[in-house]
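Q: According to the working numbering, the sequence shown is numbered sequentially starting from 237.
Ideal placement from N, C-alpha and C gives every residue a C-beta, glycine not left out.
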Amino acid sequence: MKKAGLLLMSLALSTALWAESPEKKGLDVINRSTAEAHIGFLADDDLEGREAGFRGGRIAGDYIVANLKSLGIDPVGDSYYHPFEAYHLERQKRGARWQVHPDSVAAIKQTGVFQKLSLNNILGKIEGKNPNEIVIVGAHYDHLGIDPMLDGDQIYNGADDNASGVSAVLQIARAFLATGQQPERTVVFAFWDGEEKGLLGSKAFVQSFPEIKNVKGYLNFDMIGRNNNEAKPTHVVYFYTEAHPAFGDWLKNDIKKYNLNLAPDYRPWDNPVGGSDNGSFAKIGIPIIWYHTDGHPDYHQPSDHADRINWDKVVNITKASFLNMWYMANEKDF
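(1) Report buried or exposed for P338, applying the criterion of at least 16 other Cβ atoms within 10 angstroms of its Cβ.
(2) Just mark E466 as buried or exposed, buried being the case when its beta carbon has 16 or more other beta carbons within 10 Å.
(3) Write down the C-beta distance between P419 and I362 rounded to the nearest angstrom, noting that I regard them as a contact closer than 8 Å.
(4) Would you call the region 421–437 in contact with the region 373–385, where contact means no fewer than 3 C-beta pairs closer than 8 Å?
(5) For the structure I just gave you, are there three or more beta carbon pairs, one from the region 470–483 and one from the region 496–506, closer than 8 Å?
(6) Residues in the same chain with beta-carbon distance under 6 Å from P523, minus the five sequence neighbours each way, listed in chain order, please.
(7) Helix, strand or coil for Q328? Go by DSSP, reduced to three states.
(8) Count the other CB atoms, across all protein chains shown, that sit within 10 Å of the CB of A288; report buried if there are 16 or more and exposed otherwise.
(9) For D387, which option in A565, P538 and N560 has the closest C-alpha, if you only look at C-alpha atoms?
(10) Relative to the alpha-carbon of T270, which residue among S516, E259, R291 and L307 has its alpha-carbon at the smallest distance?
(11) Determine contact between the region 505–516 and the region 556–564, defined as no fewer than three beta-carbon pairs at a distance below 8 Å.
(12) Less than 8 Å between the CB atoms is what I'm expecting for G313 and A395, so what's the real figure, rounded?
(13) For the candidate residues D429, K305 and N366, whose alpha-carbon lies nearest to that of A409?
(14) What would DSSP say about N366, mapped onto helix, strand or coil?
(15) Leaving out five residues on either side along the sequence, give the residues of the same chain with a beta carbon under 6 Å from the beta carbon of A414.
(16) Classify S257 as buried or exposed, calling it buried when 16 or more other Cβ atoms lie within 10 Å of its own Cβ.
(17) Between which two residues does the alpha helix (DSSP H) carrying Y299 extend?
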């Protein structure tokens with residue numbers, strides 16, 4: 237009886253310790269209702285498809301900043317807004333409309349009318365005990381805007397692409413605060429503008445951020461809310477820098493430890509420079525993780541609506557990636 241009593245006490249103590257861990261506190265504040273609120277707002281028709289440089293994109297940026305302020309996340313530098321410029325080439329068809337940085341205008345061969353756009357990356361942070369080391373979690377917040385040439389629905393709402401990713405970054409910021417612990421490294425929460433026009437925001441960041449050499453890792457979200465195969469609703473593609481196998485080990489261990497309902501397709505990548513904003517970081521040697529749930533028929537279509545989101549998948553990916561970021565921010569080596 238004494239042995240049984242001691243065993244029960246030991247189990248109760250270990251359960252209590254696990255329940256009070258900072259990781260558990262962070263996981264507990266990540267939920268479906270918050271994801272629904274963020275994605276529902278960002279993918280509403282009132283935001284006019286969130287095209288970079290236009291009214292809807294600016295409203296989306298202001299919404300993100302308001303949420304960072306409400307959470308108590310500090311800005312990076314003097315402001316959450318980090319402006320840069322691009323040029324908008326107006327053509328008759330949507331497929332021929334694109335942007336470049338001002339110093340690349342000479343490379344354009346097409347003819348058309350150029351309009352200078354003022355864009356904004358949005359950056360918040362939690363300063364670490366060692367502020368000279370930085371890790372970043374990010375997602376682009378722009379989408380494709382409105383196409384008046386379409387019949388019927390003309391608004392590209394972009395619920396999956398990429399309101400889903402923005403919701404994850406905002407929830408991770410909240411989760412870090414909920415842990416009650418200051419991370420070892422500074423954590424930057426980044427929201428990129430102009431991704432749909434050529435990764436413009438993340439490119440501008442890596443070219444201009446004065447502390448870019450202190451960035452130790454980057455985690456990217458781009459489209460984390462849909463199924464490319466309805467028979468596999470837990471499927472997620474998990475890209476990561478091959479030279480950092482710990483990234484794969486983290487997810488494998490946490491799926492078991494925290495009972496996360498995900499079936500990852502692990503894709504270690506020796507040179508992860510394509511696909512999304514992760515490429516801007518990989519090109520300068522920063523190790524990356526990228527969550528992506530693959531293509532679907534509503535990709536870059538006006539039908540990418542919030543009512544088609546797989547909410548359980550968004551929540552589970554957000555929880556898994558919070559844990560990724562927790563380790564990235566706190567482990568000595570990875």
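A: For this structure:
(1) Summary for P338: the model assigns pLDDT 44, below 50, so the residue's position carries little reliability; its value from the coordinates is reported in the next sentence. Exposed, because fewer than 16 other Cβ atoms sit within 10 Å of the Cβ of P338.
(2) exposed
(3) 6 Å
(4) yes
(5) yes
(6) G453, T477 and H480
(7) In this prediction, Q328 has a pLDDT of 43, which is less than 50 and means its spatial position is unreliable; what the coordinates show is noted afterwards. Three-state DSSP puts Q328 in coil, outside helix and strand.
(8) buried
(9) P538
(10) L307
(11) no
(12) 31 Å between Cβ atoms; not a contact.
(13) K305
(14) strand
(15) K261, G262 and V265
(16) exposed
(17) R291 to L307
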